[in-house]
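Undergrad: Here it is: the structure, laid out below.
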Amino acid sequence: MTLNKVVGSAAEAVADIPHGASLAVGGFGLAGIPWFLIEALLEQGAGDLTIVSNNCGVDGAGLGLLLDARRISRVIASYVGENKEFARQYLAGELTVELTPQGTLAERLRAGGSGIGAFYTPTGVGTLVAEGGMPWRYAADGSIALASPPKEVRTFNGREMLLEEGIVTDFALVRAAVADKAGNCVFHAAARNFNPPAAMSGRVAIVEAERVVEVGELHPDEIHLSGIFVQRVHELTPEQANRKSIEKLTTRVRQEAHQ
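Okay, structure coming up:
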């Protein structure tokens, strides 16, 4: 019998995510984010969430929806910039934010999913990342209420490196272009950013897929994420699959229009 991990709806896929859960969420900005799983989680009601993601969406979209609803208490991320409410909550002392170098964050997720407890990297040596004191949470008066601890630093082949811990989360929410019923996934272009390591990091990885195919239809060489890391697959409708917003639309007048 072929393994079938497809569930009937996004609501069913996220129904058991509890209050206080930690989640790794794929995407970069709005590229490759699991739009409908995030919206289903908003509707489901879980709060006090710890989110591990490159960023926290934008105001009113993506993870920004959960942030606006005050459902997130802690974020481990590498970028704040495009979300004003994210920055406001952080600076006002309403949100704990562990800023992590972007490549380090990706490797922490991958390491956690691979069963690697920690690893050494030169990234961050000689900065507050290694020395500690980076503000994780502010007090209402603007002072630092919680600061990052110092990290262990060792020398390898004459180069100093600091110890970073792998990340394992309770759940993961990711978006794939194609998935088979066993959970093997293919990601399109820029969506192959934080989605694979996020899925690896989650004890229960939930995929929203733009298209679901039978097991065996995907060639092994085109699979980006093995189904062994995936527990649930939700298939989007064609209309849902075509929803792909971006943060900003920047255009310029074509030169020939002036000729």
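So the mapping is simple: my numbering equals the position in the sequence shown, first residue as 1, plus 188.
Each residue gets a CB set at the ideal place from its N, CA and C atoms; glycine is no exception.
By DSSP, does leucine 350 sit in helix, in strand, or in coil?
TA: On the sequence shown, position 162 is the one that residue 350 refers to. Correct three-state label for leucine 350: strand.
Undergrad: Can you tell me whether DSSP reads isoleucine 205 as helix, strand or coil?
TA: The residue labelled residue 205 in the question sits at position 17 within the sequence shown. Reduced to three states, the DSSP call for isoleucine 205 is coil.
Undergrad: Consult DSSP for aspartate 329 and reduce its assignment to one of helix, strand or coil.
TA: Working through the sequence shown from its first residue, we reach residue 329 at position 141. Coil, per DSSP.
Undergrad: Which two residues bound the contiguous alpha helix (DSSP H) that contains aspartate 368?
TA: Residue 368 sits at position 180 when you count from the first residue of the sequence shown. Run containing aspartate 368: none in the alpha helix (DSSP H); it sits in the beta strand (DSSP E), 357-368.
Undergrad: Out of curiosity, what's the CA-to-CA distance linking aspartate 451 and leucine 293?
TA: As shown, the chain starts at 189 and ends at 447. That puts residue 451 outside it, with no answer to give.
Undergrad: Who pairs with alanine 219 in a beta bridge, going by DSSP?
TA: As a first step, residue 219 is located in the sequence shown; it is residue number 31 there, counting from the start. Its beta-bridge partners are Phe216.
Undergrad: Run through DSSP, which three-state label would serine 389 get?
TA: Residue mapping note: residue 389 aligns to position 201 of the sequence shown, counting from 1. Residue state, collapsed to three classes: helix.
Undergrad: Beta carbon of arginine 431, beta carbon of glycine 220: below 8 Å?
TA: For the purposes of this step, residue 431 is identified with residue 243 of the sequence shown, where counting begins at 1. For the purposes of this step, residue 220 is identified with residue 32 of the sequence shown, where counting begins at 1. No, the pair does not count as a contact, with Cβ atoms beyond the cut-off.
Undergrad: State buried or exposed for histidine 207, treating a residue as buried only when at least 16 other CB atoms are found within 10 Å of its CB.
TA: Along the sequence shown, one-based indexing puts residue 207 at 19. Exposed, because fewer than 16 other Cβ atoms sit within 10 Å of the Cβ of histidine 207.
Undergrad: Identify, in the order they occur along the chain, each residue of the same chain with its Cβ nearer than 7 Å to the Cβ of alanine 306, setting aside the five sequence neighbours on each side.
TA: To locate residue 306, count along the sequence shown from 1; it is residue 118. Take alanine 306, set aside five residues on each side of it, and the residues of its chain with a beta-carbon closer than 7 Å to its own are Leu351, Glu352, Glu353 and Gly354, in chain order.
Undergrad: Quick check on leucine 255 - is its C-beta less than 8 Å from some C-beta in chain C?
TA: Among the chains in the structure shown there is no chain C, since it carries only a single protein chain.
Undergrad: DSSP three-state call for threonine 284: helix, strand or coil?
TA: As a position in the sequence shown, residue 284 is number 96, starting the count at 1. In the structure shown, threonine 284 sits in a strand (DSSP, three-state: E or B).
Undergrad: From glutamate 295 to valine 441, what does the alpha carbon distance come to, in whole angstroms?
TA: To locate residue 295, count along the sequence shown from 1; it is residue 107. To locate residue 441, count along the sequence shown from 1; it is residue 253. Straight-line Cα distance between these residues: approximately 41 Å.
Undergrad: Taking only the alpha-carbon atoms, compute the straight-line gap between glycine 404 and proline 289 and give it to the nearest angstrom.
TA: Position 216 of the sequence shown holds residue 404. Position 101 of the sequence shown holds residue 289. So the alpha carbons of these two residues sit roughly 38 Å apart.
Undergrad: Rounded to the nearest angstrom, what separates alanine 212 and alanine 228 at their Cα positions?
TA: Locating residue 212 in the sequence shown gives position 24, counting from the first residue. Locating residue 228 in the sequence shown gives position 40, counting from the first residue. Looking at the two C-alpha atoms, the distance is approximately 16 Å.
Undergrad: Look up phenylalanine 382 in the DSSP assignment and say whether it is helix, strand or coil.
TA: Start at 1 with the first residue of the sequence shown, and residue 382 comes out as number 194. It is coil, neither helix nor strand.
Undergrad: Can the beta-carbon of methionine 388 be found closer than 8 Å to that of serine 302?
TA: In the sequence shown, counting from the first residue as 1, residue 388 sits at position 200. In the sequence shown, counting from the first residue as 1, residue 302 sits at position 114. Yes. Within cutoff.
Undergrad: Under 8 Å by Cβ, that's how I've got glycine 215 and phenylalanine 359 pegged, so tell me the actual separation to the nearest angstrom.
TA: Residue mapping note: residue 215 aligns to position 27 of the sequence shown, counting from 1. Residue mapping note: residue 359 aligns to position 171 of the sequence shown, counting from 1. So it is not a contact: roughly 15 Å between Cβ atoms.
Undergrad: Use the C-beta contact count for serine 433: other C-beta atoms within 10 angstroms, 16 or more gives buried, fewer gives exposed.
TA: Along the sequence shown, read from residue 1 onward, the residue named residue 433 stands at position 245. Classification of serine 433: exposed, given that the 10 Å Cβ count is below 16.
Undergrad: Could you give the C-beta distance for glutamate 270 and glycine 217, rounded to a whole number, given that I count them as a contact under 8 Å?
TA: Locating residue 270 in the sequence shown gives position 82, counting from the first residue. Locating residue 217 in the sequence shown gives position 29, counting from the first residue. That pair is a contact at about 6 Å.
Undergrad: Since leucine 424 and alanine 397 should fall inside the 8 Å C-beta cutoff, what is the C-beta to C-beta distance between them, to a whole number of angstroms?
TA: Stepping through the sequence shown from its first residue, residue 424 is reached at position 236. Stepping through the sequence shown from its first residue, residue 397 is reached at position 209. About 7 Å; that satisfies the 8 Å criterion.
Undergrad: For the segment 411-418 against the segment 365-382, do three or more pairs of beta-carbon atoms, one drawn from each stretch, fall closer than 8 Å, so that the two count as touching?
TA: yes
Undergrad: Report yes if the C-beta distance between valine 246 and serine 210 is below 8 Å; otherwise report no.
TA: Locating residue 246 in the sequence shown gives position 58, counting from the first residue. Locating residue 210 in the sequence shown gives position 22, counting from the first residue. Not in contact: valine 246 and serine 210 (Cβ atoms no closer than 8 Å).
Undergrad: Within its chain, find whatever has a CB closer than 6 Å to the CB of arginine 262; leave out the 5 residues flanking it on each side and keep chain order.
TA: Within the sequence shown, numbered from 1, the residue matching residue 262 stands at position 74. If we look at arginine 262 and ignore the five residues flanking it on each side, its Cβ neighbours are Thr238 and Thr284.
Undergrad: Would DSSP call threonine 343 helix, strand or coil?
TA: If you number the sequence shown from 1, residue 343 lands on position 155. If DSSP states are grouped into helix, strand and coil, threonine 343 belongs with the strands.
Undergrad: Using a threshold of 8 Å, state whether the C-beta atoms of valine 313 and glutamate 340 are closer than that.
TA: Here residue 313 refers to the residue found at position 125 of the sequence shown. Here residue 340 refers to the residue found at position 152 of the sequence shown. The Cβ-Cβ distance between valine 313 and glutamate 340 does not fall below 8 Å.
Undergrad: Using DSSP with H/G/I as helix, E/B as strand and the rest coil, what is arginine 262?
TA: In the sequence shown, counting from the first residue as 1, residue 262 sits at position 74. Arginine 262 falls in the strand class under three-state DSSP.
Undergrad: Please classify alanine 367 as buried or exposed, where buried requires at least 16 other C-beta atoms within 10 Å of its C-beta.
TA: Walking along the sequence shown from the start, residue 367 turns up at place 179. It counts as buried.
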